[in-house]
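Trainee: Each protein sequence line maps, in turn, to chains A and B.
The first sequence begins at 3 in this note's numbering and counts up by one.
The second sequence begins at 3 in this note's numbering and counts up by one.
Cβ atoms here follow ideal geometry from the backbone N, Cα and C, with glycine treated the same way.
For reference, the structure I am asking about is given below.
2 protein chains.
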Amino acid sequence: MKTAWIISIGTELTLGQTVDTNGAWLAQRLAALGIQTDRHVAVADDLAATADVALAAAGAAEVVLITGGLGPTDDDLTRAALARAAGVELVFDETSLAHIRGFFAARGREMLERNRTQAMLPRGAKAILNTCGTAPGVELRLRGCPCYVMPGVPFEMRAMFERDIEPVLRVAAAGRALRQRRLHLFGMPESEVGDVLADLMVRGRNPEVGTTATLGIIGVRINAAGDSAAEADVLLDETEREVRQRIGTPVFGRDEDTLAGVVGRMLVGRGATVSTAESCTGGLIAKELTDVAGSSAYFLGGAVTYSNAAKTAVLGVDEELIAAHGAVSEPVAAAMASGARARFGSDYAVSTTGIAGPGGGTAQKPVGLVYIGLATPTDTVVLERRFGGSVPREAIREWAARTALNRLRTWLLEG
Amino acid sequence: MKTAWIISIGTELTLGQTVDTNGAWLAQRLAALGIQTDRHVAVADDLAATADVALAAAGAAEVVLITGGLGPTDDDLTRAALARAAGVELVFDETSLAHIRGFFAARGREMLERNRTQAMLPRGAKAILNTCGTAPGVELRLRGCPCYVMPGVPFEMRAMFERDIEPVLRVAAAGRALRQRRLHLFGMPESEVGDVLADLMVRGRNPEVGTTATLGIIGVRINAAGDSAAEADVLLDETEREVRQRIGTPVFGRDEDTLAGVVGRMLVGRGATVSTAESCTGGLIAKELTDVAGSSAYFLGGAVTYSNAAKTAVLGVDEELIAAHGAVSEPVAAAMASGARARFGSDYAVSTTGIAGPGGGTAQKPVGLVYIGLATPTDTVVLERRFGGSVPREAIREWAARTALNRLRTWLLEG
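Below is the structure:
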């Protein structure tokens with residue numbers, strides 16, 4: 003099994019009302035198994051079109067993954083489309099019905115009559131258990147090709163793929179292995195990364211090296227092919243070592259690593275704790291730190307102090323300091339960080355104060371100006387950054403949050 | 003001009019290492035102009051493949067939008083691919099070079115030699131100003147079909163499309179109008195929405211009505227066709243009225259509305275303020291409130307109190323209350339909300355305390371159990387929700403944040 007098609011079903015996708023994240027997620031998981039996705043097709047909630055695409059995919063690929071259209075409403079037509087494609091009728095699956103009833107019962111609710119339709123399957127198909135929602139998945143063969151249908155809701159799809167589909171595909175996939183790795187950098191412009199890695203980025207090289215950039219984070223992806231996964235991994239290891247040696251400190255992690263997760267691991271390693279004091283990032287740094295499971299071991303808490311009064315009341319920032327320098331200033335960023343450190347009793351604290359826009363800028367303090375503070379057991383330091391007034395609010399906020407987390411990271415590296 | 007192809011360029015997309023959000027965003031903007039996207043193709047960073055797809059698109063569609071591959075590194079091949087497709091050479095564009103130099107200068111940096119490549123254009127093409135980054139866009143004709151190339155970084159692409167491409171397409175597009183609207187609901191299960199709207203969701207109806215669901219938010223999309231935008235809008239208005247009448251309070255907004263944005267408008271209308279006290283959502287509610295530009299008018303601040311000590315120190319939650327009931331309990335949720343209201347001096351405060359998992363659950367207090375508090379000038383109320391232990395951490399956090407914002411919304415509606 004070497005090639006796959008991925009089909010995403012939903013008019014909300016073809017019209018662009020929803021971004022399809024399932025295709026990328028599945029392509030990545032398939033690549034990790036050595037299965038290459040040849041095509042990704044998005045089709046509308048249309049019975050005939052869905053049946054046609056499913057048959058075409060089954061004729062062209064060695065496995066077909068389908069997401070979406072399994073809900074309880076009348077525009078959810080995937081079950082019926084697959085029955086048409088297979089030339090069979092829809093039949094009731096009692097096991098699925100019992101599972102759907104159980105799902106409602108666990109939440110203290112009655113199953114609605116409408117949800118019965120989710121227990122219908124094309125004759126000969128097998129239901130796949132949905133551990134996170136009501137819609138069972140469907141496994142069937144079309145033209146002899148295995149097809150797996152999953153719900154469109156990402157977390158339901160992911161749980162189902164990992165639990166019941168991936169293990170089967172892992173066995174079925176064999177032969178030449180494609181392996182990928184991504185390194186993540188912060189603190190070096192993409193053009194400089196391109197210079198440093200130019201000879202590794204030559205087309206046709208194995209491993210292949212490429213870069214992407216967004217809001218300060220540069221991704222370096224390394225794709226290797228080998229006769230076995232182990233052989234490909236050796237190639238990945240060599241190139242990863244080379245990249246890390248050339249880039250140095252800006253490399254903060256690889257693959258699923260995030261700045262917040264890496265900082266968290268460093269804090270755990272030192273038995274140290276952190277807190278946050280956020281103005282312009284409005285809770286984003288705390289949110290990113292607590293996205294990490296287990297973050298309660300080192301994240302003690304945070305204050306989002308949008309108003310000057312809150313900066314004083316919660317963080318103890320001197321009113322006169324704000325009056326003298328303005329809320330967006332280096333001394334206030336420093337006072338916010340040291341205030342949070344004292345209030346939460348943490349070893350470290352990061353702070354942000356800036357102008358995220360679109361309003362609120364002046365000639366002296368333009369939109370995009372952000373001060374980023376870091377209080378440590380020995381010192382309080384502040385960075386000034388100008389992200390540019392034409393950059394939208396959400397980008398300034400994200401960039402500032404990343405800069406703050408990276409500042410803490412580089413401090414911990416040096417310490 | 004009625005039909006478009008969208009091409010997204012990048013090996014990170016075909017391998018699923020990056021989710022393409024540009025295609026959906028552009029499809030939606032095109033639909034609003036009455037232009038239907040027939041196909042969306044993702045291709046790797048490959049010169050020949052990109053040239054081929056661009057030529058195929060130019061032969062099949064009336065306008066082609068291309069994103070990605072305009073960066074300064076050696077894997078950015080879009081400029082060269084378009085030159086090959088057009089059968090011309092790449093030439094220097096002095097205006098682009100001056101702009102790139104200016105972009106660096108505004109940030110106090112020197113332009114790197116490597117960025118010069120971003121000022122190369124296929125002969126006969128026109129540069130499009132990038133107000134947010136270094137890579138200029140490209141406008142050219144292939145087989146007589148207008149093609150617009152934009153950077154892959156979403157905020158740069160969006161700014162460029164809105165400023166220089168959309169106005170041109172608006173004039174070029176004419177005739178039968180496709181108009182869309184989305185209503186957003188919270189607090190009614192999708193199957194019940196399906197029952198209530200069943201007769202509107204009949205295939206072939208104009209407007210067409212469909213639903214999607216994710217983490218408690220049900221989207222009802224309405225797509226209407228008419229001889230003019232005005233005619234289609236009348237149809238949309240009628241169906242929107244009908245849906246709102248049948249669903250009632252759970253409808254919280256439409257199109258780009260978010261729960262946080264809607265709550266913000268309601269607060270502004272009343273001259274009221276809000277603060278937050280978050281445990282399991284870890285800053286997510288504050289982040290969502292402050293995603294909204296102008297939120298400083300009503301959001302006074304928030305506390306992220308992960309540890310029990312922080313709940314006591316920052317929010318004044320009684321230590322004995324935590325000892326008696328546990329941090330994840332109805333009384334602590336209430337005390338956190340009223341504590342935040344007092345500390346920040348806001349009219350309202352919302353709070354969350356729960357078990358987001360994956361660890362930390364017990365038989366009595368399983369993963370997914372969340373208490374959501376709301377303190378108001380007259381009362382403090384707490385909701386208990388069980389989101390289910392099989393649901394991942396990020397989903398529990400998002401669902402809890404939405405429930406908290408919606409609780410404030412329904413309170414403001416009633417008041």
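Are the C-beta of B:Ala-344 and some C-beta of chain A separated by less than 8 Å?
Mentor: Within the second sequence, the letter at position 342 stands for residue 344 of chain B. Output row for B:Ala-344: interface = no.
Trainee: Taking a cut of 7 Å between CB atoms, which residues from the region 180-202 of chain B lie near chain A?
Mentor: Listed by position, the residues of the region 180-202 of chain B near chain A (Cβ gap below 7 Å) are Gln-182, Arg-184, Glu-192, Ser-193, Glu-194, Gly-196, Asp-197 and Ala-200.
Trainee: Here's the rule I'm using: 16 or more other beta-carbon atoms within 10 Å means buried, otherwise exposed. How should A:Gln-366 be labelled?
Mentor: Numbered from its first residue, the first sequence carries residue 366 of chain A at position 364. Per the 10 Å Cβ criterion, exposed.
Trainee: Looking at chain A, is there any beta carbon in it that lies within less than 8 Å of the beta carbon of B:His-42?
Mentor: Walking along the second sequence from the start, residue 42 of chain B turns up at place 40. Yes, because at least one Cβ of chain A sits closer than 8 Å to the Cβ of B:His-42.
Trainee: Would you mind sorting B:Lys-289 into buried or exposed? The rule is 16 or more other CB atoms within 10 Å of its CB.
Mentor: Residue 289 of chain B sits at position 287 when you count from the first residue of the second sequence. B:Lys-289 comes out buried.
Trainee: Compute the Euclidean distance between the alpha carbons of B:Lys-313 and B:Thr-307, then round it to the nearest angstrom.
Mentor: Indexing the second sequence from 1 puts residue 313 of chain B at position 311. Indexing the second sequence from 1 puts residue 307 of chain B at position 305. The straight-line gap from Cα to Cα measures roughly 5 Å.
Trainee: Applying a beta-carbon distance threshold of less than 8 Å, which residues of chain A neighbour B:Ala-392?
Mentor: Walking along the second sequence from the start, residue 392 of chain B turns up at place 390. In the sequence on display, residue 392 of chain B carries Ser and not Ala. What B:Ser-392 touches in chain A: Thr-133, Cys-134 and Ala-161.
Trainee: Grouping DSSP H, G and I as helix and E and B as strand, with all else coil, what is B:Asp-259?
Mentor: The residue labelled residue 259 of chain B in the question sits at position 257 within the second sequence. Coil.
Trainee: Is B:Ala-200 closer than 8 Å to B:Leu-35 when the C-beta atoms are compared?
Mentor: Position 33 of the second sequence, counted from the start, is the residue given in the question as residue 35 of chain B. Position 198 of the second sequence, counted from the start, is the residue given in the question as residue 200 of chain B. Cβ distance not < 8 Å, so B:Leu-35 and B:Ala-200 don't count as in contact.
Trainee: What residues are listed by DSSP as bridge partners for B:Ala-226?
Mentor: For the purposes of this step, residue 226 of chain B is identified with residue 224 of the second sequence, where counting begins at 1. B:Ala-226 pairs with B:Arg-181.
Trainee: Give me whichever residues DSSP pairs with B:Met-122 in a beta bridge.
Mentor: Your numbering for residue 122 of chain B matches position 120 in the second sequence. B:Met-122 pairs with B:Phe-94.
Trainee: I'd like to know whether the C-beta of B:Thr-20 is nearer than 8 Å to at least one C-beta of chain A.
Mentor: Sequence index remark: in the second sequence, residue 20 of chain B carries index 18 (1-based). So yes, B:Thr-20 belongs to the interface.
Trainee: Within 10 angstroms of the Cβ of B:Thr-39, are there 16 or more other Cβ atoms? Answer buried if so, exposed if not.
Mentor: For the purposes of this step, residue 39 of chain B is taken as residue 37 along the second sequence, with counting starting at 1. With 16 or more Cβ atoms within 10 Å of its Cβ, B:Thr-39 is classed as buried.
Trainee: When we look at the beta-carbon of B:Asp-229 and count the other beta-carbons within 10 Å, is it buried (16 or more) or exposed?
Mentor: Counting from one through the second sequence, the residue named residue 229 of chain B turns up at place 227. Its Cβ having fewer than 16 others within 10 Å, B:Asp-229 is exposed.
Trainee: Following the continuous alpha helix (DSSP H) through A:Ser-193, name the residue where it begins and the one where it ends.
Mentor: Locating residue 193 of chain A in the first sequence gives position 191, counting from the first residue. That run of the alpha helix (DSSP H) goes 192-198.
Trainee: What residues match up with B:Tyr-373 in a beta bridge as DSSP calls it?
Mentor: As a working note, residue 373 of chain B is residue 371 in the second sequence. BP columns for B:Tyr-373 point to B:Thr-355 and B:Glu-386.
Trainee: Using 8 Å as the cut-off, can you tell me whether the region 371-387 of chain B makes contact with the region 107-121 of chain A, which would need three or more C-beta pairs spanning the two stretches below that distance?
Mentor: They do not touch, by the three-pair rule.
Trainee: Please report the straight-line C-alpha distance between B:Arg-172 and B:Leu-84, rounded to a whole angstrom.
Mentor: To locate residue 172 of chain B, count along the second sequence from 1; it is residue 170. To locate residue 84 of chain B, count along the second sequence from 1; it is residue 82. C-alpha separation (whole angstroms): 24 Å.
Trainee: Determine the extent of the alpha helix (DSSP H) in which B:Ile-85 is found, giving its start and end residues.
Mentor: Locating residue 85 of chain B in the second sequence gives position 83, where the first residue counts as 1. Looking at the sequence itself, residue 85 of chain B is Ala, so the reference to Ile does not match. Residues 80-88.
Trainee: Do the region 195-213 of chain B and the region 221-236 of chain B make contact, defined as three or more Cβ pairs closer than 8 Å?
Mentor: In short, these stretches touch, since the Cβ pair count reaches three.
Trainee: Could you tell me which residues DSSP pairs with A:Glu-280 in its beta bridges?
Mentor: Looking up residue 280 of chain A in the first sequence gives position 278. In DSSP, A:Glu-280 forms a bridge with A:Val-306 and A:Thr-354.
Trainee: Should the region 347-359 of chain B be regarded as contacting the region 282-296 of chain B, the criterion being three or more beta carbon pairs within less than 8 Å?
Mentor: Verdict: yes, contact present.
Trainee: Please classify A:Val-155: does DSSP put it in a helix, a strand, or coil?
Mentor: Translated into the one-based positions of the first sequence, residue 155 of chain A becomes position 153. Coil, per DSSP.
Trainee: I need the DSSP call for A:Val-236, collapsed to helix, strand or coil.
Mentor: Position 234 of the first sequence, counted from the start, is the residue given in the question as residue 236 of chain A. Note: A:Val-236 maps to helix in three-state DSSP.
Trainee: I'd like to know whether the C-beta of A:Lys-289 is nearer than 8 Å to at least one C-beta of chain B.
Mentor: Indexing the first sequence from 1 puts residue 289 of chain A at position 287. Yes, because at least one Cβ of chain B sits closer than 8 Å to the Cβ of A:Lys-289.
Trainee: So if DSSP puts A:His-186 in a beta bridge, which residue, or which two residues, is it bridged to?
Mentor: Stepping through the first sequence from its first residue, residue 186 of chain A is reached at position 184. Paired residue(s): A:Gly-221 and A:Gly-255.
Trainee: Residues of chain A with CB closer than 7 Å to the CB of B:Asn-408, please, in chain order.
Mentor: By 1-based counting over the second sequence, the position of residue 408 of chain B is 406. Correct list: empty, because the minimum Cβ distance to chain A is about 17 Å.
Trainee: Tell me whether the beta-carbon of B:Leu-144 lies closer than 8 Å to the beta-carbon of B:Leu-57.
Mentor: By one-based count along the second sequence, residue 144 of chain B stands at place 142. By one-based count along the second sequence, residue 57 of chain B stands at place 55. Contact flag set, yes.
Trainee: Can you find a C-beta in chain B that's less than 8 Å from the C-beta of A:Tyr-350?
Mentor: For this step, residue 350 of chain A is matched to residue 348 along the first sequence. By this cut-off, A:Tyr-350 is not an interface position.
Trainee: Helix, strand or coil: which one does DSSP assign to A:Ser-10?
Mentor: What you label residue 10 of chain A is simply residue 8 of the first sequence in a count that begins at 1. Three-state result, A:Ser-10: strand.
Trainee: I want to see whether chain B comes within less than 8 Å of A:Glu-14, judged by CB atoms only; does it?
Mentor: Here residue 14 of chain A corresponds to residue number 12 of the first sequence, with the count starting at 1. Yes - at least one Cβ of chain B is within 8 Å of the one on A:Glu-14.
Trainee: Quick one: any contact between the region 392-401 of chain B and the region 246-266 of chain B, if contact means 3 or more CB pairs under 8 Å?
Mentor: Not touching, per the Cβ criterion.
Trainee: With a threshold of 8 Å, are at least 3 pairs of Cβ atoms found where one atom belongs to the region 88-100 of chain B and the other to the region 62-80 of chain B?
Mentor: Because the criterion of three Cβ pairs below 8 Å is not met, the region 88-100 of chain B and the region 62-80 of chain B do not touch.
Trainee: Do three or more CB pairs link the region 267-277 of chain A to the region 321-334 of chain A at distances below 8 Å?
Mentor: No: fewer than three Cβ pairs fall under 8 Å.
Trainee: Is the region 44-62 of chain B touching the region 6-21 of chain B in the sense that three or more CB pairs, one from each, lie closer than 8 Å?
Mentor: Yes, they touch.
Trainee: Among B:Gly-206, B:Val-155 and B:Met-203, whose alpha-carbon lies nearest the alpha-carbon of A:Gly-218?
Mentor: For the purposes of this step, residue 218 of chain A is taken as the residue at position 216 of the first sequence. Ranking the options by Cα distance to A:Gly-218, first place goes to B:Val-155.
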